[in-house]
Amino acid sequence: MSSVTQALAEVQFEAARGVRAAVWSEKLEIIDKCRALVHKIEGTKDEKEEQEQEQQVNKDEEEKRMDAFRAWLGQNGVELTSVDFAWIEELGCNGVKCTRDVAEDEVAFAVPRKLMISIEAVARSQSKRNVVGEMLRTDGHVRRVPSLALALVLLAEVSRGEDSFFKPYLDILPRKFPTLPMSWTTEELDGLEGTEAGRQAVLRILNSFMFYCHVETRLRASMPKLNYGLFLWALEIAMTRQNPVPLEADPSQHGLALIPVFDMCNHDEGKHTASFDMASDMLECAAMHAFAKGDEFRIFYGPRPNDTLLVYAGFCMPPGENKHDVVMEQINLRGDDPLLPLKLTLTSDARLDGFSLLSLEPEGKAMQAARLAVATKDQTAQILRAKQTHPKDSVKPFVIPACSEEHDREATKYLGIIAQEVIEHRAKDIEARRDRVKPLVADYLKAQVATLEDFVAKTKANDSS
């Protein structure tokens, strides 16, 4: 075993240990350790040198690349008669703007399949030289993680250099993702402690080390320039830009792809207006509402909470503006409850360990956990009797029942109390860390508070009805 392989095995071991770690600070320490180990193995460019290299790609060069991208699109069947690309100052990124008025439901642009970088196209290649294609077909780990598979497909294209058909598209992809938690320092990540976004972000980072260690040996020969930084970039591109498209071989199934133009559209609340026309073999994107000439053309990413938007897209909606926002919290039993040992067993039987979506859904995990937390001795006995009638061989977990309407009212109050406690905790966090957290983290925490306040209002309304 080579020294590099041994060192990567140590990275993989540490990352796996980080996934299992229960304490937040330990997870962050392990992320720092993994980054240091990778740095020791591969070395990384000095940040100042990277900035200087980025500055060399000036605005004139960026515009040349964008012109080459436009030409490539036009040569391959994309008509930019309704939209064009522009820098969106308030977002700090490129976007799509209307070059004329576009009516609601009117198709603004269409992208043929041949311009999409897709998992399917590479997986179908039977060439023995296509290492990535072989991995997509035979590597169970890669097959189970579609975003990893798409990142490998992207890396394969990058490795082709000037010979890649997709080079004009590759040249305009962003090189850094400063708002994506995957790239943050552990000091920046620490601002997300206790949040679902924090848990997801840390898991994604630790998984990225394990993914890299898993594929690096097989890709080393065909991609001599591959390092963790390049791998992480490809993974971030896949995470932020992936979209499902119907498979050519079986349109009833979908696979992930990178779709030029479409993946440059920013998000807004609205409706899904993209569809794949199998007859023309193109993705058509229509306007979700009327746009005037000069407006930014936006699309609806789907009903995603702010946790998901932050971790996978690098932004969150302002407080109160994301109607799909939710909060995940751990619904703990009361520590002084004399029935605690018995209730802990029932918690395990109902698979209520971990974090639950705060909601008042009757069979939701939060309501079940709250019912158990407030259950009296008689109600706990009733729940136990219900448990005894649950089939032992059932694949479905036992559902903690409501013993009465009053029992559910008490459970609802309990969830309201927990939500209020979290609000107070978040408010203190925002104040205490005001000068230390990234503005994006502060915005995310404020949005969480607004969502929690709405939930508390619902618990009070439910209690009074």
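In our numbering, the protein residues as written are 143 to 607. Ideal Cβ placement from N, Cα and C applies to all residues, glycine included.
Residues that residue i bridges to, as DSSP identifies them
| i | result |
| --- | --- |
| E438 | K239 |
| Q154 | For Q154, which the question treats as bridged, DSSP gives no partner whatsoever. |
| S260 | A399 |
| H409 | I441 |
| F433 | V244 |
Assigned secondary structure, residue i (DSSP; H/G/I helix, E/B strand, else coil)
| i | result |
| --- | --- |
| E194 | Note that E194 scores a pLDDT of 42, beneath 50, so its modelled location is shaky; the value from the coordinates is reported in the next line. Reduced to three states, the DSSP call for E194 is helix. |
| P386 | strand |
| H396 | strand |
| V253 | strand |
| M470 | strand |
| I572 | helix |
| D188 | Caution is warranted here: a pLDDT of 41 is assigned to D188, below 50, making its placement in the model unreliable, and no coordinate value can be reported. |
| V244 | strand |
| F211 | helix |
| N218 | coil |
| D550 | helix |
| K206 | helix |
Limits of the unbroken alpha helix (DSSP H) element including residue i
| i | result |
| --- | --- |
| V591 | 581-606 |
| I525 | 519-530 |
| M459 | Run containing M459: none; DSSP gives neither H nor E here. |
| K507 | 507-516 |
| V274 | 273-280 |
| L486 | 482-491 |
| E335 | Looking at the DSSP string, E335 is not in any alpha helix (DSSP H), and its letter there is neither H nor E. |
| E330 | 328-331 |
Range covered by the beta strand (DSSP E) that runs through residue i
| i | result |
| --- | --- |
| L292 | Per DSSP, L292 belongs to no beta strand (DSSP E); it is in the alpha helix (DSSP H), 288-301. |
| C427 | 424-428 |
| M352 | Here M352 belongs to no beta strand (DSSP E); instead the alpha helix (DSSP H) covers 338-361. |
| M420 | Segment: none, M420 is in no beta strand (DSSP E) and carries neither H nor E. |
| V225 | 225-230 |
| L499 | 497-499 |
Nearest candidate by alpha-carbon position, reference residue i, set the options
| i | options | result |
| --- | --- | --- |
| A428 | S325, I441, K201 | I441 |
| L400 | F351, L374, P288 | P288 |
| L526 | K485, E503, K588, E204 | K485 |
| Q148 | T359, T487, V541 | T359 |
| A164 | R341, L331, F319 | R341 |
| L582 | E152, L334, I559, F155 | L334 |
| L292 | L494, E378, Q590 | E378 |
| L222 | F308, Q472, F319, F404 | F404 |
| K318 | Q395, K367, L372 | L372 |
Any non-hydrogen atom of the ligand ZN closer than 6 Å to residue i Cβ
| i | result |
| --- | --- |
| A213 | The model depicted lacks the ligand ZN and carries no ligand whatsoever. |
Interface flag, residue i vs chain B, CB-CB below 7 Å
| i | result |
| --- | --- |
| L150 | The structure shown contains no chain B; it is built from a single protein chain. |
- With a cut-off of 8 Å, do at least 3 Cβ pairs link the stretch 478-498 to the stretch 432-451? No, they do not touch.
- Task: Evaluate the contact criterion for the stretch 324-331 versus the stretch 402-414: three or more CB pairs, one atom per stretch, below 8 Å.
- Result: Segments in contact, no.
- Counting pairs of beta carbons, one from the stretch 386-401 and one from the stretch 208-227, are three or more of them closer than 8 Å? Between the stretch 386-401 and the stretch 208-227 there are fewer than three inter-stretch CB-CB distances shorter than 8 Å, so the stretches are not counted as touching.
- Three CB pairs or more closer than 8 Å across the stretch 411-427 and the stretch 300-307: A contact between stretches requires three or more CB pairs, one per stretch, nearer than 8 Å, and the stretch 411-427 fails this requirement with the stretch 300-307.
- Query: Does the pairing of the stretch 546-564 with the stretch 494-513 give three or more beta-carbon distances under 8 Å?
  - Reply: Result yes; three or more Cβ-Cβ pairs closer than 8 Å.
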